Every structure is written in structure tokens, then in C-alpha cells.
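Engineer: Structure in C-alpha cells, see below.
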């Protein structure tokens, strides 16, 4: 009989049961664990180390854009959240509310931040007076809470970790430039650091951020054919500036509202990375992000062999000094058990970005017929490039009938002449459709 | 008339009005700002950069101790918090409670973490089964909330940032070793990185952490003669292990409770650093922690001078490549205004630790007479080294009559024969007394 402890860890096959495989991998590789708090997970050390790698890489890019890190309260007075109408409508169903503090009922309830536009811009109004104070670029690494009904580790959890960048500018042009720069940083992070291909583009009015003028997202495709919105960058126009009275005196002495942006990337990135790269043996990690890049597992049969093997390992270790190397000396486990364990934890090196890109290309279909559209969404799913007239009613009907939503209008999309896939009216762009996480 | 914007920033003199000076410095140097949320502050970029410097330095030390970073939910179910009796009694008056989630009243209220022992050890019980799983060393960088009545930026705020380390061991000896190692890391951080002298020692039973067997703290002395508890490391014994059933099978197959420790350092460290080092001109920063170490302020009278000065600055910059240098090219401010601004922000280099140490030495008094004790606490305050018999009643009376509490029994204290400063009974150690923040 083999003790529980020494049993080879078992996970479902990715090809056979994708959902089960994902949960198995996340739990068995020690990336996360469930908690007694509904919808919240623990980021265990191996999972948190992946997040630290993303943080380090992205933080450098954010600082290069001229944004500086700060920290704002995690509690937001309810009345502040209500200032921007669309914003509060969008977030109201998802809020966690503190009503008791220090043993007493609070006069005004405090919302646990679902995002920090409102608390930040209340302060921006105080800090910004003249054109000299612009642009103001603030970034924050923090936890946020959104009360979610259906949760999945990393992909959608009640509490998650993210960075949120917030900027204020003198002109709309400058703000639009910032929206694009933030998205470029995300694209670079996903492609070069995480080896994850995706499509960047504009969200439709119904899918944009609550309170934004326009949103840009990076949409990735998961192996089950569903899309994952992997980061967003928003042109907030002057919507919040008007709600929070964020004004400045321009060089000519006129009082104007600022133009604002916000942009964020969350621990959801980890979910996408696990889903896309992993295989039947478990996790596969891009070398840049892997906490351990190479594992050395000593095998010997007697004590003389042991000392020879150890000498040899010390030599190897010197030669590998540029890599993150782990020597697995645990005496209580067999080499076979260790091979399985490290395979599950995704240590061996691979080239991954080309594969991710190929998968997206092979699963992106140009469709001109609604019946075909429906067949694809009932079958293999994936991205569909189809003409849409821009009418929210068509968008809504498509969602009802196929579960597919507009993911984005790719930044690379050119104007073409076509007919809406749903109503047949004139359309000018092919949008990207998919079922989303 | 000078525009508000160009007025030299004014702060109170440190020597004349210490409390006012502290608030002026924190606000005017752009370290923090008040918020619409009672008792919460914003860590503005210049203040947050100081915290980032501490994080980077301390994170390296923590990883060297073998602890790994992770992230646990910020919400704790009320029933978990109630498991350890002393712990819940200590923290109950300070809790913020979420009672509404997603628009509905929660069946069980969630406490916003004041510290994470309970949520973590619930998981430790699941993760630890055998001696092979020990030691388990987890660290977390996060925000915590304690509902405070009187707040002061950095020193005591309702929400603050910290790291909390939590370990589980097979033996008490190993746990005690960890308690000491964590404190040694804090001492090193304070002395070498922040140039802040202090005294490390054991807390009395009434001042220890709620639920701990014994606590060690680092006590610093502020310029107004009051003590600041600047970090703590706790021997939790088996108190939480019993409450949360954290057990393991030892090598002989016997089931035993683990021995635990926890230790933390918070953004309060910034408050101590500002208070101790600053002078009448504002902030003074230790070179290691200063976000900007050298500022170059160009002065010229015409455009020809301008190009000469700029060439010269470029030369200087090359020579200073090992330092964090800022060239202040802002055209709208005069050189004089800039000098004042950077002085306030504490940029010029100084040697600071010797001064901090001297201040502590000069303000630590050995006292054997209770009347003298009272005179000192009504006057210059500072640390008092006095015999105490160990009776909590004496400790309590001294607190009532002089506002001074036992800060710690210094680790370096030797056993001596003496009489309790309050009751005159036999005493074996000189404790450190002070009025505390």
C-alpha cells in the first residue's frame, strides 16, 4: 500500500475535461487554494511568485510611462461612489459594504473598493489647480472586491489583486495617447513576458467600463474556445472630471475640466497563462515568469554514488548560474515522484508564444452567415470576425441566441463595406465575437 | 503680490511645536494626505516610494529566512476570529465588519482583517500533516484595518500597510529561534537602512500581542520623549495550534501540535523615520531610503548661460551615475523656491544613525525613586530604566499615575537585584518604561 503522501498526484486530462483539468492543475501545483470565505482564494507561494514576476515586469513599464505608485484607502464612502451615474449603476450589484466599525453602526456605510476612480478623483480635484500640475499619473497595486456569483480561481474571484493606473491630462489628445500607451505596455507584457497572443481593440458601448467614454481591451482565446478579457485601458473623457469637479487653469487663465484615463491588469492574467500553456501533465510556464527554471533531481543507489552525484551537481550548478535552479534533495520522495511533481509545476523550458499565436489564428474564423455563426458558437467556439452594424439591439440578440458577445473592434481593423451578420443592414467593420469568461 | 503657488511652503518649527511640525512636514513634503474616509490617509507617491524602499530591503531579508510570499483573503468569517479567546478579546473593539455583499445581507458577517492569524491557521491545519511539511514559513504584504479612535498619519491610521510573517515549527526551540531571527531582521532594517536606533526586548503580559505566549518588540524614542513600538515578533506557543487544530505526525508517528510565530512591520516605520530625523526645515531622509539622493538646480541669467549650465549639468550627471539624481528644470519656479522645496523633502545627504543613537542614550535614564520617575514623565519623558517586580497591579498603577507603560524588557538586560520602583518588593530586572504612541 502506498501512503497518501507518496501517491503520484493525479490530474484530469486537459484534452478530455478542460474545466476539471484547470481546477486540478491550480490546486495540485500549489498555485491557489479555496478558503472559508465564499468566492475568495488563497494565492499560495508558487502562484504568488508568478504574480510577483508580473508585478516586477509591469511596474517597470508603468514607471517608464511616468506614473508613480501611491496607495489610497480601500474604503469608499457610499456618496462618493454615487457621483458618476453610469459608474455606480455598473458596480452597485457587486459591492461589499462595511456597516459596522469599532463596534458601532456607521453613519455612512463604506464600500470596499471595486475600483478606485471615485476616491482618487475626489483627491485629484484637490491636487490639480493649474496646467503645471498636469499630467498627473498615479498607479496603485492593491486588492479589490467585487461580489461575484460564479467564481473560478484567478479568472473571477470576489477578491483579486491588480494594478490600477489613473491619469489626468490637459487635452483629450494626450489622454488618448495615454490610453494607447497603457495598452501597449499590456500587449508587450502578455506577448514577451507571458508568451500569450491576443487581440487588442475597442469595446462596444454595452461592454465598455461603467463611466468610460471608450474602452480598449486585450482579448485572449482560451483552449475551450471562450474569450478572456485580459486587461483594459479606458478613455474616461471628462465624465468623472465633471462629476468630481477636477478642473485646472490653462496657460491662458481659463478654467477647464481635465481629460482622464484609467487602466488595469489583474491576477486574472495568471488564469489565462495557466489555461493557454498547460498540458495533460499540468502547468507549463514561460521561462521569463517561472519561479524555478531548471530542477536537478539526483539519482543514486549507494552512499559512494551519492557523493559522486553531489559533486557532479555542484559542477552543473556553477554552469547554470544565470538560471533559477532548484536542487531537489528531498530524501523521502522517489525520483519518479519528483519528475511528476515538477512536470505538474511546469518547470521544463519550452517555446511558447508561437504556439499561442497559432492557436488564436487557427481558431479565428471570418463568418458572413448567421447560421454558420450559430453552428460555430454551439460547436468549437473561438473568435468570429463578423460585420456588425453597431446597433445594440443586434448585439443583444446575438448574445441571447449564441451566448457570444462583441469582444472588441480590433485596433488593426480597417474600414470595409459589409452587411450586419444579424440584421443585414450596412456595416463598416468586422468585430471580434466570442463567448467570454 | 505673490501667487499662492509660488509662496515658499511654511512649516512649524520642530523645536517649538513638534506635533504641528510633524503634520506640516507630512503634508507639505507630499508624503501623505487626509481623505474623506475617517482615520485613513493617502500614501502619496513620495511617501509610498519610501515604503517601497523598505519593502524591497525587508522582502530580501524575509526570503533569506526561508519565508515565501502569499496572499490570503482580506475578509475573515466572524466565527474564525472567535476561535482563540484572547485574540478575539484583544481585537473586538477595533473591527470593521462587512454585513452586505452583492446587495444582500450576509448570513455570516465578514471582518476586514486586523491581522491574519485566524484565516491563515485555518489553512495551515489543512496543509500540515507530517513533520515533512515543517517548518512552514509564509509572509504576506497587505493592507489591514483597525478601527482607531485617535489617528495620526503613518503612526496610527485605521487602514495601514504592513507585512505579516507566520511560521509553524515542530519544536518550541525552533519557533523561538524564528522569533529572534525576525526581530534581528527588523533591527538590521531599522539601524542600517533607516538609521534609527531603538531597544529590542520582551513585552510584559499586559502589553503583549493578543493570543501570543510572549512578544518581542523594537522600541524607539521620539523627539517628544514618547516611545514608538516599531515592530513586533511573537512566540505564539501552541495557543493557535490548539484553537485551529494545527497538528502533525512526528518522525515517531505521534500526533503533536505545531509551535507558531508571527511577526510584523508596518508603515508606522515611516512615521518614526520622519519624527526622528527631520529638522526645522522639514524632512531628512537616510541616503539608503531616499527616492532622490541628489538634486541639481540650474541657475542662469540668459540663454547663453543656460546652454553652458546645461552642458555642465550633463557632465555632473555622468559623474553621479551611482546615485539617484534629479535635475530640477521646472521653469516656473525660482532657484530659491526650489532650494526650500527640496530641503523640505529631505534630499540633502547626512549621517544620521549616530545622532539617533546618541539621542536615545541621552534620553534613557536609570531611576530608582518613584518621585523622580513621576517628575521625569511630567517633564522631558524619554526612556526610564527601572526595577519592576512583575506584578501587573504595579504596572497598572504606574500607567494611571504617569501615563508610562512598560515598553519592554531589553534582550540585553542582565539579572540584577533590586526593588520594584512602585511597591518596593524584590525585583530582578530593570524594565524600559515610557509614554507610548
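Chains as they are written, first to last, in my numbering: chain A, 196 to 632; chain B, 196 to 632. Even for Gly, the Cβ is constructed at its ideal location relative to N, Cα and C. All values reported here derive from a predicted model rather than from experimental measurement.
So residue 581 of chain A and residue 422 of chain A are in contact, right, with Cβ under 8 Å, and what is the actual spacing, rounded?
Structural biologist: Actually they do not touch by this definition, with Cβ atoms about 14 Å apart.
Engineer: Counting only beta-carbon separations shorter than 8 Å, does residue 385 of chain A have a partner in chain B?
Structural biologist: So, not an interface residue.
Engineer: Under the DSSP definition of a beta bridge, which residues are partnered with residue 337 of chain A?
Structural biologist: Answer by DSSP bridge pairing, in chain order: A:357.
Engineer: Cβ of residue 228 of chain B less than 8 Å from any chain A Cβ?
Structural biologist: True, the Cβ-Cβ gap to chain A drops below 8 Å.
Engineer: Quick one: residues in its chain with C-beta nearer than 7 Å to the C-beta of residue 290 of chain A, no 5 flanking neighbours on either side, listed in chain order?
Structural biologist: Taken in chain order, the residues that qualify are 306, 309, 342.
Engineer: I believe residue 583 of chain A touches residue 615 of chain A by the beta-carbon criterion, under 8 Å. Please report the beta-carbon distance rounded to the nearest angstrom.
Structural biologist: That belief holds up - the Cβ atoms of residue 583 of chain A and residue 615 of chain A are roughly 6 Å apart, short of 8 Å.
Engineer: With distances taken between CB atoms, is the gap from residue 214 of chain B to residue 359 of chain B smaller than 8 Å?
Structural biologist: No, the pair does not count as a contact, with Cβ atoms beyond the cut-off.
Engineer: Starting from residue 238 of chain B, find everything on chain A with Cβ-Cβ shorter than 7 Å and list it in chain order.
Structural biologist: Those within 7 Å of residue 238 of chain B in chain A are 265, 266.
Engineer: How long is the line joining the alpha carbons of residue 542 of chain A and residue 529 of chain A, rounded to whole angstroms?
Structural biologist: The straight-line gap from Cα to Cα measures roughly 18 Å.
Engineer: Is the Cβ-Cβ distance between residue 438 of chain B and residue 333 of chain B less than 8 Å?
Structural biologist: Taking 8 Å as the Cβ cut-off, residue 438 of chain B and residue 333 of chain B do not qualify as a contacting pair.
Engineer: In the DSSP assignment, the alpha helix (DSSP H) including residue 321 of chain B goes from what residue to what residue?
Structural biologist: Unbroken alpha helix (DSSP H) run through residue 321 of chain B: 312 to 322.
Engineer: Would you please state the rounded distance, in angstroms, between the beta carbons of residue 285 of chain B and residue 406 of chain B? I believe it to be under 8 Å.
Structural biologist: 7 Å between Cβ atoms; contact.
Engineer: For residue 239 of chain A, count the other beta carbons within 10 Å of its own beta carbon; 16 or more makes it buried, fewer makes it exposed. Which is it?
Structural biologist: Buried, by the Cβ-count rule.
Engineer: In the DSSP assignment, what residue or residues form a beta bridge with residue 429 of chain B?
Structural biologist: Beta-bridge pairing links residue 429 of chain B to B:410, B:457.
Engineer: Check distances from the C-beta atoms of the stretch 269 to 281 of chain A to those of chain B and list, in chain order, the residues that come in under 8 Å.
Structural biologist: Answer in chain order: 269, 270, 271, 272, 275.
Engineer: Quick one: is residue 485 of chain A buried, meaning 16 or more other Cβ sit within 10 Å of its Cβ, or exposed?
Structural biologist: It counts as buried.
Engineer: Can you tell me which residues form a DSSP beta bridge with residue 264 of chain A?
Structural biologist: Answer by DSSP bridge pairing, in chain order: A:334.
Engineer: Let me confirm a value: residue 196 of chain A is counted as buried when at least 16 other C-beta atoms fall within 10 Å, else exposed. Which label applies?
Structural biologist: The pLDDT assigned to residue 196 of chain A is 42, lower than 50, so where the model puts this residue is not dependable; a value taken from the coordinates is nonetheless given after this. The residue is exposed, with fewer than 16 neighbouring Cβ atoms inside 10 Å.
Engineer: Below 8 Å between beta carbons is the criterion; list the residues of the stretch 286 to 299 of chain A that meet it against any residue of chain B, in chain order.
Structural biologist: Answer set for the stretch 286 to 299 of chain A: 287, 288, 289, 290, 291, 292, 293, 294, 295, 296, 297, 298.
Engineer: Of all Cβ atoms in chain B, is any one closer than 8 Å to the Cβ of residue 317 of chain A?
Structural biologist: Chain B contact via Cβ: present.
Engineer: Nearest to residue 556 of chain A by CA position, among A:478, A:420, A:292, is which residue?
Structural biologist: The option with the nearest alpha carbon to residue 556 of chain A is A:420.
Engineer: Could you tell me whether any Cβ in chain A is nearer than 8 Å to the Cβ of residue 614 of chain B?
Structural biologist: No, because no Cβ of chain A sits closer than 8 Å to the Cβ of residue 614 of chain B.
Engineer: Note down, in chain order, every chain A residue with its Cβ under 7 Å from the Cβ of residue 235 of chain B.
Structural biologist: Simply 268, 270.
Engineer: According to the Cβ coordinates, are residue 394 of chain B and residue 605 of chain B closer than 8 Å?
Structural biologist: Their beta carbons are under 8 Å apart, which means residue 394 of chain B touches residue 605 of chain B by this criterion.
Engineer: Are the CB atoms of residue 361 of chain B and residue 281 of chain B nearer to each other than 8 Å?
Structural biologist: Cβ atoms of residue 361 of chain B and residue 281 of chain B: not closer than 8 Å.
Engineer: Given this structure, state the Cα-to-Cα distance separating residue 242 of chain B from residue 414 of chain B, to the nearest angstrom.
Structural biologist: Using only the alpha carbons, I get a separation of about 22 Å.
Engineer: Mind listing which residues of the stretch 526 to 541 of chain B have their C-beta closer than 8 Å to chain A's C-betas, in chain order?
Structural biologist: Result list: 527.
Engineer: In chain order, what residues of the same chain lie with their CB nearer than 6 Å to the CB of residue 378 of chain B, ignoring the 5 residues before and after it?
Structural biologist: So the list reads 395, 411, 428, once near-sequence residues are dropped.
Engineer: Would you mind reading off the limits of the beta strand (DSSP E) that contains residue 296 of chain A?
Structural biologist: Here the beta strand (DSSP E) through residue 296 of chain A covers 291 to 296.
Engineer: If contact is defined by three or more beta carbon pairs under 8 Å, each pair taking one atom from either stretch, is the stretch 564 to 580 of chain A in contact with the stretch 498 to 515 of chain A?
Structural biologist: Short answer: they don't touch.
Engineer: For chain A, is any of its Cβ atoms less than 8 Å away from the one on residue 196 of chain B?
Structural biologist: With a pLDDT of 42 at residue 196 of chain B, under the threshold of 50, the modelled position of that residue is not reliable, and the figure given next carries that caveat. No, no contact with chain A.
Engineer: So is residue 449 of chain A buried or exposed if we call it buried at 16+ other beta carbons inside 10 Å?
Structural biologist: Exposed, because fewer than 16 other Cβ atoms sit within 10 Å of the Cβ of residue 449 of chain A.
Engineer: Quick check on this structure: which residue in A:249, A:537, A:547, A:588 has the alpha carbon closest to the alpha carbon of residue 223 of chain A?
Structural biologist: Cα-wise, what sits closest to residue 223 of chain A is A:537.
Engineer: Are the C-beta of residue 357 of chain A and some C-beta of chain B separated by less than 8 Å?
Structural biologist: So no, residue 357 of chain A is outside the interface.
Engineer: In chain order, what residues of the stretch 300 to 311 of chain B put their CB closer than 8 Å to some CB of chain A?
Structural biologist: Taking 8 Å as the Cβ-Cβ cut-off against chain A, the residues of the stretch 300 to 311 of chain B that qualify are 304, 305, 307.
Engineer: Output the residue ranges of the alpha helix (DSSP H) runs that lie fully inside the stretch 535 to 618 of chain A and measure 4 residues or longer, sorted by chain position.
Structural biologist: Listed in chain order, they are 548 to 557, 565 to 573, 587 to 597.
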